[in-house]
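**Q** Before anything else, here's the structure in question.
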Amino acid sequence: MVEKNTIFTVRGAKKKYGSHIVLDGIDINIYSGEDVCIIGRSGSGKTTLLRCMHLLENFEWDSMSLEGEPYGYRMVNNRKVMLKGNDLAKERAKVGMVFQNFNLFPHMTVLENIIEAPIQVKGMPKKEAIEVAMDLLKSVRLEDKTSAYPAGLSGGQQQRVAIARALAMNPKLMLFDEPTSALDPELIKGVLELMEKIAKGGMTMVVVTHEMPFALNVSTRVIFMDQGKIVEDGKPEQVISNPKEIETKKFLESINL
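Residue numbering for the sequence shown follows my numbering, beginning at 2 and increasing consecutively.
Set out below in structure tokens:
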């Protein structure tokens, strides 16, 4: 039974590339207001899990829901029917995702990048979309960059635009896939501070990260993944500072934590 405060749940998530198992029967619940950080070695399935949660991958699962309703599919005559086309786009819009490499449209200005999906997917009037975009640009301190193109922005600025673009859809859940990995060290702090601000504002977030101080000090829960499985799941101070599982300990020792 889905708990009242559950935002997202998936049971039995499996993903293969040929014979290589990437996700090996993942079960996960994400609760309202949580900031969940997922840590683990490269290739452990972290990014794939986020892409599946955003309906960007074809994968197998036993059940999957968003706010208690089937997510990405509907049940018709006791069988799963996958959403397609605009129906899939509308479903995906309920979950925001921020990628490692920004994924902004290079031929669009900052403002155009942010208003595109609200207008095209949600049918928001352009005037309203612009108002929403301007409020978000102020919140990420980029209100003076509305007419700039991505190529003219720093990596940190591009990532803040990408975050504003995801928030413009008013998602139920925000996913961040290593949002600072493509940034120069001096730009990381600003993006992490913005994410902390979003978390404190009550947004439910799942963050794949290698930034252990962020995971320890900002997240409400940490998941350690290894070989396509969730090995450990608990409070940050427990998983990072006092891990129970041998593989978690090995991983943390390998990054000198």
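Glycine residues also receive a C-beta, built at the ideal position from the N, C-alpha and C atoms.
1. Could you please give me the residues that DSSP links to residue 249 through a beta bridge?
2. Measure how close the beta-carbons of residue 185 and residue 209 come, nearest whole angstrom, since I'm counting them as under 8 Å.
3. In terms of alpha-carbon separation, which member of 109, 227, 225 and 98 lies closest to residue 164?
4. Please tell me whether residue 61 and residue 73 are closer than 9 Å, where the distance is taken between their beta carbons.
5. Alpha carbons only, please: which of 194, 220 and 48 is nearest the one belonging to residue 226?
6. Would you report the Cα separation of residue 174 and residue 112, rounded to the nearest angstrom?
7. What number of angstroms, rounded off, separates the C-alpha of residue 148 from the C-alpha of residue 137?
8. If you run the structure through DSSP and keep just helix, strand and coil, what is residue 65?
9. From which residue to which residue does the alpha helix (DSSP H) around residue 177 run?
10. Which residue or residues does DSSP assign as beta-bridge partners of residue 16?
**A** Working from what's here:
1. For the purposes of this step, residue 249 is identified with residue 248 of the sequence shown, where counting begins at 1. Beta-bridge pairing links residue 249 to no other residue.
2. The residue you call residue 185 lines up with position 184 of the sequence shown. The residue you call residue 209 lines up with position 208 of the sequence shown. 20 Å between Cβ atoms; not a contact.
3. On the sequence shown, residue 164 is found 163 positions in, with the first residue counted as 1. When each option's Cα is compared against that of residue 164, the closest is 98.
4. In the sequence shown, counting from the first residue as 1, residue 61 sits at position 60. In the sequence shown, counting from the first residue as 1, residue 73 sits at position 72. No, the pair does not count as a contact, with Cβ atoms beyond the cut-off.
5. One-based indexing of the sequence shown puts residue 226 at position 225. The candidate whose alpha carbon is nearest that of residue 226 is 48.
6. On the sequence shown, position 173 is the one that residue 174 refers to. On the sequence shown, position 111 is the one that residue 112 refers to. Rounded to whole angstroms, residue 174 to residue 112 spans 22 Å at the Cα level.
7. Locating residue 148 in the sequence shown gives position 147, counting from the first residue. Locating residue 137 in the sequence shown gives position 136, counting from the first residue. Cα to Cα, residue 148 sits roughly 15 Å from residue 137.
8. Reading the sequence shown from its first residue, position 64 is the one you call residue 65. DSSP places residue 65 in strand when its eight states are reduced to three.
9. Taking the first residue of the sequence shown as position 1, residue 177 is located at position 176. Run containing residue 177: none in the alpha helix (DSSP H); it sits in the beta strand (DSSP E), 174-178.
10. In the sequence shown, the residue the question calls residue 16 occupies position 15. Paired residues: 24.
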